[in-house]
Amino acid sequence: PGIESFAFHPNGKMAVATCLGVYKNSIAVLDIASKPARLLYHLDAGGIGQGIEFTPEGDKLFVGSTTASRIEVYDVIGEYELRKNKKFIKIGYGHCSLTMGLRYKGK
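Here the sequence shown is numbered in the working numbering, starting from 7 and rising by one per residue.
What follows is the structure in structure tokens.
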């Protein structure tokens, strides 16, 4: 049990971590702008969270759920709030990492 993955929001104020527990898994939301940094809250996370990443724009958070064979989507509201989106991305079983590239922005 412990921390599996970390991601830092582009605003430089928020970080998230996937936390693996014996009986329950969660996503920890941290305020890293305060001195010292502090835990704000935990969100329940089904499955085993492996790989977590914000979009470059900071409007979405993607969390890989290995045992559920999907990537969960969270909407970022304001500076520190995450809200689980009903949408998810179905993937194969057993992934263990996640990375996000820049999106193409046309002229």
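The beta carbon of each residue, even a glycine, is placed where N, CA and C say it ideally should be.
Reduced DSSP category for residue i - H, G, I as helix; E, B as strand; rest coil
i	result
Y110	Residue placement at Y110 cannot be trusted, given a pLDDT of 48 that sits under 50; what the coordinates show is reported in the next sentence. Here Y110 sits in coil by DSSP.
Residue environment, residue i, which counts as buried when at least 16 other CB atoms sit within 10 Å
i	result
G8	exposed
G70	buried
Option in the options with minimal Cα separation from residue i
i	options	result
M20	T73, E87, G53 and G27	E87
K30	A39, P42, L36 and A51	A51
A74	F94, G27 and D81	F94
S32	G84, I58, S40 and P62	I58
For residue i, the residue or residues it bridges with in DSSP
i	result
D81	K66 and R89
I95	I77
T24	S11 and I33
Straight-line Cα distance separating residue j from residue i
i	j	result
G27	G53	11 Å
T72	L49	17 Å
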